[in-house]
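Okay, structure first, notes after.
Quick look at the structure:
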């Protein structure tokens, strides 16, 4: 266990250079964005003088290098700066918005897993058959549409035409107020507050965006499940299990799927990070108050502090997700830690 | 006992659907096993031994189908049985153990649990007793500290231990029939023997019937009562073991017996019976179109290895969290080659023998300069070739003089290169030939030299048989007339009959071209055929050196002795006598 | 060549989905090459008398808000989309596999640096990185291609790195060393061609992804410049018309886009089988 | 430990934005006769208009929760919809005011009915502090105050608690109307001063999130990026009591979702409807559309004189003759724009502004002018437009591109993201050809010319420089409308604009808002924001 702890620690250290890289690149990238933040910040009709005042106030008159060190210094103090477009500290924005994105992504990923894993197993148990082909075509169709298009179409059909879905207005219907914040996940918070109505409402709001997002994750998960299961099913140990007359379910689940699940877990980590990034468009379509929609607006508005903060948060999340996956892997796979 | 045999396979035919249409894997195969009998099924790869076993217990994969014939077990028909019934039968009545035991165990499940799975499935134990029973089984297969090993994962156990676990799983429910499919392939010779002895001991105890599937005639001879010889999906001969060896009836059996090298056989004997399959489309490797190298009058030192050491760093988990500190003083290293020295003469053949992990392959890789030694020198043809790094060596003229034949002919050929391209590669890069015609002529000549029919030259590796691939590999290695050819287990992936032909080819080439060989192998019997002198290695050190016959017949060191003894021989009579005396 | 054709026929025969994908690809390719001649109208010509007309015989896909013929625009857009997908993927494939192969083959510090580099890119939210790059460099087709190529890089680096490190000590690589090949040559002739089959899957996935990416960029206004016809921007613009009932504006380009992405994604297995020598008879 | 910190911060965030008196929206709000749900594309980013970086949607907060000394009256238009009346100035916090004889000082009598939310009366001290703040903080507020000739705190004098005086360097017709724009709102200075710090003497940090006013509405809740809620101030006595108790303004970035919400009746009011939706709502008949042409506002094509060949008047005129005006009004404005082309005479006959320019689509004339200017073979240029306004600018740009192609001018389109737009178009003024949409808050032609035709001024993105215009604008800007010279000067200005066309007007846009039939009393305002005080629901 000690060595496993060490491994986790080492992974953390290994992630540091990438996080630093992200800080540098995002800094450089946001400086390269067109538009002068001072002009934007000074507001409409500001004259030259007030623009200069703003420039100095924001520290934009200093050299890039100086700005960078100030930025990094502030980061260590937990200060990500102020978002120009929303007027809130970036950190606070991200903290309120992150749970929204995470909740959406989790549910989307959960939906995808629920659908894709059985499909993948089904395909793997009938390789080359029409079932296999149908599964492949189905999940591929899922990734073939731009998410915003799927989202808008779903809204059009299920909200506008049929009226089944609630209005696509973010996390709760207009009439509900957010439950007292504990985790920031409305579904969990409303349950904690024993507020069934809000829970149902927040769940209803989640369905369409989560489905839109999940569609996108079907293909990689199903593909990975299928591949892993095919490998496991043709492996020697499954043959052993079958030769020993173990029940079909035991062979399929305890022997084959558990082994196939390990690489799948890594894929899930990747897919999660990917979805977290990809849901920017879904958030925009569904007026979801997550960090993705925040980032889009920030980027279009050249709101550099917000963009940097967002990118950094995502990078940290990426590291955390991968680390979590690593930890789960080390806990479930006895072999991990021997090689590498 | 009733009249129908215990396990009866009657005119069984199996077909596989493949991309090239339907392939007949078994053609009316009939065999039977009596109670308490050990039946050996021998044959080379592709002969249908395993397919027979798989079909019998219903493990055939989806592409295969039993098209004809029946299999009955204790009177119960298996070919038409429902999958559910078969499932009840497997592990309970009929068990199977496989080759490559480490892969055959679930890598992420403690071995004890895997034994329990079987026990619980066949209601041989309750949840409460399963653990104890599993531990008892581990004990039974002579695993030390069974309580601790119960929680071990396959990767934590050695190959031999894994095979013991496999045996424990297979025998957990006291089945009446055990099918062992090449149970010792991939294990070291000494482990092989221990494993087989264990199987024999346990099955005899229960008076179990055993089907031993093997390609190794020696092993079959040592452990079986009766043998069935299979070839291309057909049973060609079936006889009690001593009859079979004393008077083989079928030509294929004769060829097999002849091709299996024994302690006293000679190269000529190995191929005494011609192989119709290989010869059918293969030219005889008799012409020698290359000019013979004039033999130097006095023997001259070709290679001298001085105090060679190769260390590999061990990746320990105990490194400090700070990356710049983990390369501190206490870095651990594993010495794969631990200060060995030897020399060889021009024209000599030297055998390098040892079990896996003894450092023989590392040594040969250093000599061929594919790897840099940690310390020590290799003097080749009066020049120290270790002064250049492996990466730079490719461009030195010495590169041409040391060539190598690899262990796995499949893996050593670029799957995207045709045979011709593979053989031409050294010609282009080492000899600098550019002219297409010239290269083509040269490649044709080489192919002829190694007995590879010209029409195969444009095929890709996966379209060639194992023997043909081996020939391509050899042709490639001799293309630039090397002085020294390092043969790294060149025949270990080949069937015996093919091995025999390849060995003979190598011998002929050596004589014709005057090359020197370093022959790396785990099989003393094979080494003996080709080499005058043998070096036995163990754990990176040289244990014993001497002429091949000396080492094989009169080993001095204890290790060499066990090594020699572990090789299954087939001298059926003496074997029977031994068994009788044992009883 | 005949051998390739035979192999091609075989691969097709193996998998009906692949046949479907390849026929679709042929159609798309045809449109990409001859689209400008097939299109019944000038894709850029506006006609304010004919705005937002639903599909009819004269305009099978209807007209857009400026009276342009959607059918012609969808057809003509094929070339641009195909161009974006192919060039973005080609770029990242070439650079990524070169970097990844070297990293996997030699190991050591180049490996570490390349590894860190790809980790860093991976740690970015990729779509936002693409947005950032396009926003910073300006929204032109080239920049969309560069941005797409950059965010795809780490995938190629990863795949090729793993595959190359598996093969660095393969028998045939050692054999090539013995044949006097330098490392560079080995990398180019022995390692690289053999990692093509697994890369093919990646390529096909990324082709589709490149188009989706361009579409996403268009949706937030960072896509191809008007008036050029491009599916993504047409869907993005059309999407705002769905609610007002002008469904054809988004549906047809959306269907074209989906077909193309779908086709690229399905193409992967077939492509892999085509370049895999082991599948050759 | 990290987790707990995280939770604490997250809790604090929502806590800060929710004022104590409202924890839950009552469930019966479902009936909603007293609740108005508004959907908007962009959310507010501050509750303080004086703060730097405050965005346009935030202006409405100031309008609804603060009071000013005076306000514009509301009038009914011909089509029955309501609009502000630029000619009518009504009392708000000031119950009356007088102008000195020389016109250089305005004295306001503060109404005793004006009470801040905390119950304290609004005094002249509060007004002075607020006005001082508006001119001191710089940026947009200072600029807007300057338009009313208010630049220094010394100009604001507390005569007594309930009397307030503004001193002007010279009389100006713009001062009084400028007091009715959102900027000079009155803050509860006692509350604000208590929160002021040495570094932040104007309490910008506090007022950014915590309003302290006297207005008809209070902010009940603000979830940045999602919504904010107005709650009626029951004690407000400076006008008719607002008809709606609660207003929820929800941020919905996607325009089609806004439309869907409105059509399905989930939203009561949809401000700033794109022209196409407005037209279709109108045709559909289910949704009420209230809209009027925006005063003093034009959508124009700007030609930058610093870029050749736009320095050539003939080229500009040629382009003005080549623009597809009719198509633009039809396809880009969907008819929701007042045509600004096709006047018969090169000299204006009225001082009405905006008025049609004497140009119409005439390719022959355009071609002839171009040849005359020496560009018979045409030239290449770039037409830039603002991504944020793509809904009308993109189709317009495409139509212009095509039309100019017909007279040999090859146009490349360049879409510029919103943030960069201001920099490129207005501050650096570096775009050769671009679309622009300036509208002046104060409804005087000279005010428009001041911003858009005077060299160096913000909205003169064409770098137009004409000494005569400079002189005319300076003379006219503060001149009373009754002044006999006024009409002549304005006429002169307009005729120069006709002749020189640095800005080619395309049409005068409408401000359209869509609402359920139950919504009454909606008025459109020059600031294009929602003023919920007049609204009621049936």
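Residue numbers (the numbering used here), protein chains in the order written: chain A, 164 to 503; chain B, 11 to 593; chain C, 70 to 350; chain D, 820 to 1357. Even glycine gets a Cβ: it sits at the ideal position worked out from N, Cα and C.
Just measuring C-alpha positions, the residue of D:1136, D:1129 and D:1060 sitting nearest residue 1200 of chain D is D:1129. When C-alpha distances from residue 312 of chain B are compared across B:393, B:344 and B:348, the shortest belongs to B:393.
For the pair residue 1332 of chain D and residue 1124 of chain D, the Cα-to-Cα distance works out to about 36 Å. About 6 Å separates the beta carbon of residue 338 of chain C from that of residue 87 of chain C, a gap short enough to meet the 8 Å contact definition. Taking one beta carbon from each stretch, the segment 1191-1199 of chain D and the segment 1240-1258 of chain D have fewer than 3 pairs nearer than 8 Å; the two do not touch.
In this structure, residue 93 of chain B lies near residue 68 of chain B, with their beta-carbon atoms less than 8 Å apart. Taking 7 Å as the Cβ-Cβ cut-off, the segment 116-148 of chain C has no residue approaching chain A. With its beta carbon less than 8 Å from one in chain C, residue 414 of chain B belongs to the interface. A contact is defined here as three or more CB-CB pairs under 8 Å, and the segment 1129-1148 of chain D meets this definition with respect to the segment 1222-1229 of chain D. Annotation: residue 412 of chain A to residue 19 of chain B spans about 30 Å, alpha carbon to alpha carbon.
The beta carbon of residue 549 of chain B lies closer than 8 Å to those of 348, 367, 368 and 369 in the same chain, with the five residues before and after it left out. In this structure, A:331 is the residue among A:331, A:381, A:425 and A:438 with its C-alpha nearest to the C-alpha of residue 450 of chain A.
As the crow flies, the alpha-carbon of residue 248 of chain C is around 22 Å from that of residue 466 of chain B. Under a 10 Å Cβ-count criterion, residue 235 of chain A is classified as exposed, with fewer than 16 other Cβ atoms of the shown protein chains found around its own Cβ.
Contact of residue 107 of chain C with chain A is not assigned, every C-beta pair being separated by 8 Å or more. For residue 444 of chain A, the nearest beta carbon of chain B is not closer than 8 Å to its own beta carbon.
Here the C-alpha atom of residue 150 of chain C lies approximately 22 Å from the C-alpha atom of residue 268 of chain C. DSSP, read as helix, strand or coil, puts residue 1348 of chain D in coil. Judged by beta-carbon spacing, residue 1236 of chain D lies within the 8 Å limit of residue 198 of chain A, meaning their Cβ atoms are closer than that value.
Listed in chain order, the alpha helix (DSSP H) runs fully inside the segment 1010-1036 of chain D are 1023-1028, counting runs of at least 4 residues.
Shortest Cα-Cα distance from residue 546 of chain B to any of B:519, B:42 and B:574 involves B:574. Remark: three or more beta-carbon pairs, one from each stretch, lie closer than 8 Å, so the segment 246-255 of chain B and the segment 227-236 of chain B are flagged as touching. Residue 184 of chain B and residue 51 of chain B have their C-alpha atoms roughly 22 Å apart.
Straight-line spacing of the CA atoms in residue 467 of chain A and residue 868 of chain D works out to 22 Å. For residue 162 of chain C, the enclosing alpha helix (DSSP H) starts and ends at 139-175. Within the segment 1062-1079 of chain D, the residues whose Cβ lies closer than 8 Å to any Cβ of chain A are, in chain order, 1067, 1069, 1070, 1071, 1072, 1073, 1075, 1076 and 1079.
If you check the CB distance, residue 193 of chain C and residue 187 of chain A do not come in under 8 Å. Nearest in C-alpha terms to residue 416 of chain A, of all of A:319, A:431 and A:395, is A:395. Using a CB distance below 8 Å, the part of the segment 1126-1152 of chain D facing chain C consists of 1143, 1145, 1146, 1149 and 1150, ordered along the chain. Nearest C-alpha to residue 925 of chain D among D:890, D:1324, D:976 and D:1298: D:976. Collapsing the DSSP output to three states places residue 105 of chain B in a strand. Within the segment 235-260 of chain C, 239, 240, 241, 243, 244, 245, 246, 247, 248, 249, 250, 251, 252 and 259 place their CB atoms closer than 7 Å to a CB of chain B, listed in sequence order. Here DSSP, grouped into helix, strand and coil, assigns residue 413 of chain B to strand. With respect to the 8 Å criterion, residue 1008 of chain D and residue 916 of chain D are not classified as neighbours on the basis of their beta carbons. When CB distances to chain A are screened at a threshold of 9 Å, not a single residue of the segment 1101-1119 of chain D falls below it. Counting only runs of at least 4 residues, the segment 434-489 of chain B fully encloses the following alpha helix (DSSP H) elements, listed from N- to C-terminal order: 446-460 and 476-488.
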